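These notes are about the structure you will find just below.
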Amino acid sequence: MDITSHAAARSPLTLATLPPEILMGIVECLIPTPPEIGETGPVALAQMFEGEPWYEFILCRRALASLCLVTRTFREMAHPLLYRVIAITNPRTMLLLFRTLAEFSHYGLHTRFLSCHITLTRNNVIRGVKEAMHEQLGRFKPSDAPGVIAQYVRNSIMQAGSVCSHWMQPYYDGLPQNIFSMVLASCKRVETLLLEVPICDEDGDYNILFHKMHGDLHEFDLARDPSVKNEERPYQHIHTLLLQGDTEMIKHLEIDECDCDIPDNYGVKCNTYFPLFAALPKLATVEVTCDSGDWTNPIVNLNQNIMARLHAIHPGSTQFYKTMASLPPDHPYLGGIKHIYLHNSMVMPHHLHYLLRFAPYLETLYVTPRRIEDDGPVRWPRVHGSEEEDHESLNLGLQQYGKKHLKNLDVGWTSLKNMEKLIGPEGRIICLPELKNLEKLCIQLETLYGNMKNAAVLPLLSLLPPNLMELTIEDWWWRYEKLYFDMKMWKPKKKVEHYTREKAYRQAAVEMLMRFAKSLDVTTNRLKKVMLVCKIPWTWVLEGAVEADEHFMGVKLAFEEKGVVFEVDCDEVEEEEKRAKRDVPVYQPCPRPNAPEYDEYDEFDEFDEYPYDDYPY
Numbered sequence: 001m002d003i004t005s006h007a008a009a010r011s012p013l014t015l016a017t018l019p020p021e022i023l024m025g026i027v028e029c030l031i032p033t034p035p036e037i038g039e040t041g042p043v044a045l046a047q048m049f050e051g052e053p054w055y056e057f058i059l060c061r062r063a064l065a066s067l068c069l070v071t072r073t074f075r076e077m078a079h080p081l082l083y084r085v086i087a088i089t090n091p092r093t094m095l096l097l098f099r100t101l102a103e104f105s106h107y108g109l110h111t112r113f114l115s116c117h118i119t120l121t122r123n124n125v126i127r128g129v130k131e132a133m134h135e136q137l138g139r140f141k142p143s144d145a146p147g148v149i150a151q152y153v154r155n156s157i158m159q160a161g162s163v164c165s166h167w168m169q170p171y172y173d174g175l176p177q178n179i180f181s182m183v184l185a186s187c188k189r190v191e192t193l194l195l196e197v198p199i200c201d202e203d204g205d206y207n208i209l210f211h212k213m214h215g216d217l218h219e220f221d222l223a224r225d226p227s228v229k230n231e232e233r234p235y236q237h238i239h240t241l242l243l244q245g246d247t248e249m250i251k252h253l254e255i256d257e258c259d260c261d262i263p264d265n266y267g268v269k270c271n272t273y274f275p276l277f278a279a280l281p282k283l284a285t286v287e288v289t290c291d292s293g294d295w296t297n298p299i300v301n302l303n304q305n306i307m308a309r310l311h312a313i314h315p316g317s318t319q320f321y322k323t324m325a326s327l328p329p330d331h332p333y334l335g336g337i338k339h340i341y342l343h344n345s346m347v348m349p350h351h352l353h354y355l356l357r358f359a360p361y362l363e364t365l366y367v368t369p370r371r372i373e374d375d376g377p378v379r380w381p382r383v384h385g386s387e388e389e390d391h392e393s394l395n396l397g398l399q400q401y402g403k404k405h406l407k408n409l410d411v412g413w414t415s416l417k418n419m420e421k422l423i424g425p426e427g428r429i430i431c432l433p434e435l436k437n438l439e440k441l442c443i444q445l446e447t448l449y450g451n452m453k454n455a456a457v458l459p460l461l462s463l464l465p466p467n468l469m470e471l472t473i474e475d476w477w478w479r480y481e482k483l484y485f486d487m488k489m490w491k492p493k494k495k496v497e498h499y500t501r502e503k504a505y506r507q508a509a510v511e512m513l514m515r516f517a518k519s520l521d522v523t524t525n526r527l528k529k530v531m532l533v534c535k536i537p538w539t540w541v542l543e544g545a546v547e548a549d550e551h552f553m554g555v556k557l558a559f560e561e562k563g564v565v566f567e568v569d570c571d572e573v574e575e576e577e578k579r580a581k582r583d584v585p586v587y588q589p590c591p592r593p594n595a596p597e598y599d600e601y602d603e604f605d606e607f608d609e610y611p612y613d614d615y616p617y
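Sequential numbering of the sequence shown, starting at 1, is according to full-length UniProt numbering.
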């Protein structure tokens, strides 16, 4: 046997000899996980901890960037993946990204997730973009590639050069929005867009961005019929829109100590984003953090004065607004949206009535309320008067607009005391049995029964949708509001006293669930899972002696006999402890009157040292 050939046969494989499919699979593992909605911007890498989302994000990008410098083969694999997920974290990053896309327009074809973690109307962002523009504009080398988008970018750069003196003036604050609109149009195959937006009136709005988007579509004759597939049409692949309330401002208003005047109702004004919804023909999912709750139809506020002002700024967008202004007040401006998720929301039941009305094809409605302390700066508005159901109640909204398509419903509030009529009769949602398409439901005991007397006499099965598959019940009553915010300060003695005092309530709740389990019909019921969420854990937990699950052993067996999984969630204990440590007030400079300069880590600064002129950003 030839020893040389035998040794060669046993020689270990190298990366260069691996099949390209295996090698590509390895490289794809370095694609960074997209930032989640609500994440604050990154700080210097040295200040991060291993495992933090931004820590992993930056390391993955650095790894892909390094692979681009190894060999031509690795560059061909890694370079497109470097643009798969893009996060704009400061003004300079946005300018460098736009410069790169202007020179190499095909790079934007690789992007599927684009996020902007700066509020485009903040003074420090406007100032930062102008400074970066002044520095970078002379270095722009627009691509001569064919196509509508490439031509659009070239025209935009020429316009920027011709009106640069105007854009740089202190009175003009629309430069960041103009730049971002061009970045978004250049990444024409983006599927998910995360946009940080203002939550205070003093920070302005994104009208310039919306007007430019619609103006550009009309200018290139791409908005005439969105149903006609056109590969050059930007925004046509976006199916998920994440509107992230200004994270720095939210932290300041809800955690930091400050003597400034906090607005009574701050948050993202979602209904003012209808031009953005209209520009995205395939938009199906909208997720918002810290919204103000207003979903009324904004079209009725359009008038001729607004039309004239818009025409002076962006002539191409006037046609869109004229069309919208001519629509009836009940026009479903959320017509194509199927899933809406609201986090840290100020939305009220009557707001959801409007939301259901203007989103006739809605399948998922998810709401988590904003946490508001009793002595906090914001309180729910009080609605006094008759105890009869309000004509814009959530119950009527579900009854009138939720029967055909709604499949998932998860809504709740901290307290709606004195506002029960906005939910329904006696503060209850009584139309649930009529929602035959509803498959997943998360509901509070208060909005299901109204009071404990009803819980003792009304069969739970008769209150639920007939085709329900998953049910989550929150053990929550309005009387728990003060307990919820006080319990993180409880000493062991207080916890024991509360546990002892709630003995009768525990017995009643267990009996209610037992009756429900026994009433299930395995031949007709589709229910597969029931979960009880204990928001006040010390009602069910006696530290060192009794766990929550021990109260429900019989209930669990009764459900198992009917083929239903029953679970109890008492994780709020750990969550409250984490929240108490995290929400320690720390004095920081107020970001409202004079926003601080950007001094956070820019992960792309070092790229200027790389030998490739076309290196990203």
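A virtual CB, placed ideally from N, CA and C, is assigned to each residue, including glycine. Here the structure is a predicted model, which is why all the values come from computation and not from measurement.
With distance defined between alpha-carbon atoms, name the residue in the options nearest to residue i.
i	options	result
L542	F559, L194, W476, R501	R501
S66	M553, L81, E52, P537	L81
H350	L422, M489, I22, T285	L422
K535	M512, D486, V522, R515	D486
T93	P42, M77, E52, A558	P42
N467	A508, L527, P459	L527
Q470	H110, M531, V153	Residue identity differs from the one stated: residue 470 is Glu in this sequence, not Gln. It is M531.
K407	N418, E420, K436	K436
S345	N265, G397, D475, D144	N265
Tell me which residue opens and which closes the alpha helix (DSSP H) that residue i is part of.
i	result
F113	Segment 113-116 is the beta strand (DSSP E) holding F113; no alpha helix (DSSP H) there.
H351	349-358
Q236	Per DSSP, Q236 belongs to no alpha helix (DSSP H) and is neither H nor E.
M531	Taken as a continuous stretch (DSSP letters only), M531 belongs to no alpha helix (DSSP H), being part of the beta strand (DSSP E) at 529-534.
E56	53-67
T119	T119 -> no alpha helix (DSSP H), and no H or E assigned at all.
S105	Note, S105: premise wrong, no alpha helix (DSSP H); not H, not E.
Enumerate in chain order the residues of its own chain whose CB-to-CB distance from residue i is below 8 Å, with the five nearest sequence positions on each side excluded.
i	result
R112	R84, V85, R189, V190, E191, T192
Q399	C431, E434
N297	N271, P329, D330, H331, Y333, Y354, F358
R75	L67, C68, L69
T121	D173, P176, Q177, P198, D203, G204, D205, Y206
H343	I37, G38, E287, V288, T289, C290, T368
Note down the Cα distance separating residue i from residue j, rounded to an integer number of angstroms.
i	j	result
Q444	V367	12 Å
G138	F274	36 Å
T17	V70	15 Å
L59	T100	21 Å
M489	E567	28 Å
L448	S415	14 Å
Q244	M348	19 Å
L194	G402	28 Å
K404	L438	9 Å
Y480	P492	19 Å
Y598	G128	Legend: pLDDT at Y598 = 40, less than 50; position of this residue unreliable, no value from coordinates given.
P596	M514	Confidence is the limiting factor: at P596 the pLDDT is only 41, short of 50, which leaves the residue's position unreliable and the question unanswerable from this model.
residue 621	A87	Residue coverage of the chain in this structure runs from 1 to 617, which leaves residue 621 outside it and unanswerable.
W295	L276	14 Å
L253	Y484	20 Å
E135	L96	10 Å
C442	R72	53 Å
E248	C200	12 Å
G293	E363	19 Å
Y505	V411	24 Å
P34	R370	25 Å
E28	L64	9 Å
Please list, in chain order, all residues of the same chain as residue i whose beta carbon is under 6 Å from its beta carbon, the five residues on each side excluded.
i	result
P19	none
H237	R189, E191
Y55	M48
What are the start and end residues of the beta strand (DSSP E) that includes residue i?
i	result
A87	85-88
V565	565-569
Q196	Checking the sequence shown, residue 196 turns out to be Glu, not Gln. 192-197 is the extent of the beta strand (DSSP E) around E196.
Y505	Counting along the chain, Y505 falls outside any beta strand (DSSP E), though it belongs to the alpha helix (DSSP H) covering 503-519.
S345	339-345
P459	Here P459 belongs to no beta strand (DSSP E), and DSSP marks it neither H nor E.
E474	470-475
Y366	364-369
E287	285-289
Should residue i be flagged as near chain B, meaning a C-beta pair shorter than 7 Å?
i	result
D475	The structure shown has no chain B; it contains just one protein chain.
Between residue i and the rest of its own chain, which residues show a CB-CB distance below 7 Å, the 5 nearest in sequence each way excluded?
i	result
L280	Y235, I238, L241
S143	A102, E103, F104, S105, A150
Could you pull out every unbroken beta strand (DSSP E) segment of at least 3 residues lying fully inside the segment 403-449, listed in chain order? List check, beta strand (DSSP E) in window: 408-410, 440-444.
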